[in-house]
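Right, one structure below, let's go through it.
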Amino acid sequence: MLRVCYALIPLVFASVYLFGWRSFVLVVLVLGFGIATEALFTLRQGKPITSAVFVTSLIFSLSLPPMIPFWMAVVGIVVGVALGKMVFGGFGQNVFNPAMVGRCFLYVTFPIEMTNQWASPLWGGAAGFGRWSLSLDAVTQATPLVESHKGISVPLEQLFFGNTAGSLGETSALLIFLGGAYLIYKKAAPWRLAASCLIGGILLSSVLHGFGAAGVPSALVTLLSGSFLFGSVFVVTEPISGAKTEYGQWIYGFMVGSLIVVLRGFSNFPEGVMFSILIMNAFVPLIDQAVRRMQASKKAVP
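Written as structure tokens, this is what we have:
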């Protein structure tokens with residue numbers, strides 16, 4: 297789990313560069329309350345705090361808008377750890393991804409703060425390293441994903457390097473790619489989950505975009521915009537809530553990637569990553585059970 301934290305650290309410092317030191321304080325605050333929430337459950341049972349709470353807290357904080365109030369972030373991580381993980385029995389028992397549970401709670405409870413407070417990041421020179429936060433009058437810009445729905449093109453180099461509006465850790469495709477490569481090299485994440493999610497999203501967006509479906513951008517824009525890449529690399533690959541069997545991982549990841557494209561293009565939610573992951577989390581036991589039964593039936597055939 298700590299290797300996932302190592303892969304996320306560059307994104308934390310990138311968030312400081314893009315959005316100011318406020319983002320770093322937000323990450324630290326979320327970490328503190330995430331650890332404290334788990335401690336309330338585990339220490340009473342004489343169990344240690346696991347490193348998984350560090351991963352959950354980092355992923356959750358990096359999925360938030362840069363100007364979200366501190367107290368909302370605290371509420372979200374407490375809900376994510378307590379209701380998304382500990383009520384199921386703690387580490388290794390959760391059905392849903394705890395970080396996405398916390399984010400979903402904030403998304404439903406505080407939709408304006410979670411969807412409308414975007415801004416152009418700082419860029420050039422020291423950028424955010426010399427600033428506390430973005431200016432309030434800058435908190436108006438739409439994300440590239442929203443702009444693509446309106447037919448507004450966004451330079452791909454901005455999406456690749458991170459010079460665009462978005463959540464704290466989702467804007468720089470370059471750093472996410474590097475983090476994913478590190479995880480795969482260290483065998484710290486199931487590569488099939490990330491690969492199948494990317495394949496599902498890219499394939500379906502290519503087909504729908506090719507047929508002229510409104511609201512579905514090209515495969516490259518789908519890949520680089522929003523939290524598609526961040527979710528594919530760091531959230532879908534979470535081993536507890538994801539599929540366990542090899543074939544199941546391909547099915548699960550492919551369905552998450554495909555569902556992201558469907559929700560983005562045809563629902564009222566401009567960003568479908570969070571809901572796609574939570575929906576497919578619920579189907580993981582069925583997917584793995586079906587795969588095991590299929591494999592058992594094949595072995596039983598003489």
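Residues in the sequence shown are numbered consecutively from 297, following the numbering used here. Don't be surprised by glycine CBs; every beta carbon is placed ideally from N, CA and C.
Supposed close pair N577, F392 - CB separation, criterion 8 Å: As a working mapping, residue 577 is identified with position 281 in the sequence shown. As a working mapping, residue 392 is identified with position 96 in the sequence shown. Contact flag correct, Cβ pair sits at about 5 Å.
Whole-angstrom distance between P362 and I498, CA atom to CA atom: Residue 498 sits at position 202 when you count from the first residue of the sequence shown. Residue 362 sits at position 66 when you count from the first residue of the sequence shown. When only Cα atoms are considered, I498 and P362 end up about 28 Å apart.
Close beta carbons around L455, own chain, < 7 Å, minus the five adjacent residues each side: On the sequence shown, residue 455 is found 159 positions in, with the first residue counted as 1. Excluding residues within five positions, the ones whose Cβ falls inside 7 Å are P440, A469, L520, S521.
Inter-residue spacing [alpha-carbon to alpha-carbon] between M382 and G506: Locating residue 382 in the sequence shown gives position 86, counting from the first residue. Locating residue 506 in the sequence shown gives position 210, counting from the first residue. One C-alpha to the other measures close to 44 Å.
Proximity test, K483 beta-carbon vs the ligand ADP heavy atom, cut-off 8 Å: Inclusion of the ligand ADP in the displayed structure is not the case, the ligand content being empty and no account of it being possible.
Classification of Q591 by the beta-carbon crowding that lies within 10 angstroms, buried from 16 upward: Here residue 591 is taken as the residue at index 295 of the sequence shown, counted from 1. By the neighbour-count criterion, in which 16 or more other beta carbons inside 10 Å mark a residue as buried, Q591 falls on the exposed side.
Cβ pair R318, S463 closer than 9 Å: On the sequence shown, position 22 is the one that residue 318 refers to. On the sequence shown, position 167 is the one that residue 463 refers to. Cβ atoms of R318 and S463: not closer than 9 Å.
Span of the alpha helix (DSSP H) around L314: The residue you call residue 314 lines up with position 18 of the sequence shown. For L314, the enclosing alpha helix (DSSP H) begins and ends at 298-315.
Start-end ranges of the alpha helix (DSSP H) lying completely within the segment 339-411, minimum 4 residues: For the segment 339-411, whole alpha helix (DSSP H) runs of length 4 or above, ordered along the chain, are 348-358, 366-380, 394-405, 407-411.
Residue range of the unbroken alpha helix (DSSP H) whose run includes I498: Looking up residue 498 in the sequence shown gives position 202. Segment 487-506, the alpha helix (DSSP H) holding I498.
Environment of I408 [buried if 16+ CB atoms lie within 10 Å]: Within the sequence shown, the letter at position 112 stands for residue 408. Result: exposed.
P581 (DSSP reduced to helix, strand or coil): Locating residue 581 in the sequence shown gives position 285, counting from the first residue. P581: helix per DSSP, three-state reduction.
Whole-angstrom distance between S528 and L479, CA atom to CA atom: Along the sequence shown, read from residue 1 onward, the residue named residue 479 stands at position 183. Along the sequence shown, read from residue 1 onward, the residue named residue 528 stands at position 232. Computed Cα separation, rounded: 12 Å.
C-beta contact flag for V324 and S311 at 9 Å: Along the sequence shown, one-based indexing puts residue 324 at 28. Along the sequence shown, one-based indexing puts residue 311 at 15. Cβ atoms of V324 and S311: not closer than 9 Å.
Alpha-carbon to alpha-carbon, G328 and G553: Here residue 553 refers to the residue found at position 257 of the sequence shown. Here residue 328 refers to the residue found at position 32 of the sequence shown. Using only the alpha carbons, I get a separation of about 32 Å.
Rounded straight-line distance, which links the Cα of E466 to that of I345: As a first step, residue 345 is located in the sequence shown; it is residue number 49 there, counting from the start. As a first step, residue 466 is located in the sequence shown; it is residue number 170 there, counting from the start. The straight-line gap from Cα to Cα measures roughly 27 Å.
CA nearest to the CA of M410, picked from I355, A423, G372: The residue given as residue 410 occupies position 114 in the sequence shown. Looking at the Cα atoms, G372 is the closest of the given residues.
Nearest candidate by alpha-carbon position, reference Y313, set P417, T405, I472, R299: The residue you call residue 313 lines up with position 17 of the sequence shown. Measuring from the Cα of Y313, the nearest candidate turns out to be P417.
Range of the contiguous alpha helix (DSSP H) that encloses L559: Start at 1 with the first residue of the sequence shown, and residue 559 comes out as number 263. Segment 542-562, the alpha helix (DSSP H) holding L559.
Residue environment, Q389, which counts as buried when at least 16 other CB atoms sit within 10 Å: Within the sequence shown, residue 389 is the residue found at index 93, counting from 1. Counting Cβ neighbours within 10 Å, Q389 comes out exposed, since fewer than 16 surround it.
Outcome for P513 when other beta-carbon atoms lying within 10 angstroms are tallied against a minimum of 16: Taking the first residue of the sequence shown as 1, we reach residue 513 at position 217. So P513 counts as buried.
Beta-carbon spacing of F356, R399 below 9 Å: By one-based count along the sequence shown, residue 356 stands at place 60. By one-based count along the sequence shown, residue 399 stands at place 103. Contact: yes.
Same chain only: Cβ atoms within 7 Å of W419, ignoring 5 sequence neighbours per side: The residue you call residue 419 lines up with position 123 of the sequence shown. N459, listed in sequence order.
Local conformation of L430 per DSSP, three classes: Taking the sequence shown and counting its residues from 1, one reaches residue 430 at position 134. DSSP places L430 in coil when its eight states are reduced to three.
Reduced DSSP category for F565 - H, G, I as helix; E, B as strand; rest coil: Within the sequence shown, numbered from 1, the residue matching residue 565 stands at position 269. Looking at F565 - three-state DSSP - the assignment turns out to be coil, as it is neither helix nor strand.
Alpha carbon of S347 to alpha carbon of L555, nearest angstrom: Counted from its first residue, the sequence shown places residue 347 at position 51. Counted from its first residue, the sequence shown places residue 555 at position 259. Approximately 30 Å, taken between the alpha carbons.
Alpha helix (DSSP H) segment containing I480, residue limits: The residue given as residue 480 occupies position 184 in the sequence shown. 469-481 is the extent of the alpha helix (DSSP H) around I480.
Rounded straight-line distance, which links the Cα of V557 to that of M297: In the sequence shown, the residue the question calls residue 297 occupies position 1. In the sequence shown, the residue the question calls residue 557 occupies position 261. Here the alpha carbons of V557 and M297 stand approximately 29 Å from one another.
Rounded separation between P486 and A510 - CA only: On the sequence shown, position 190 is the one that residue 486 refers to. On the sequence shown, position 214 is the one that residue 510 refers to. Straight-line Cα distance between these residues: approximately 33 Å.
Endpoints, the alpha helix (DSSP H) within which T518 is located: For the purposes of this step, residue 518 is identified with residue 222 of the sequence shown, where counting begins at 1. Counting along the chain, the alpha helix (DSSP H) containing T518 begins and ends at 515-520.
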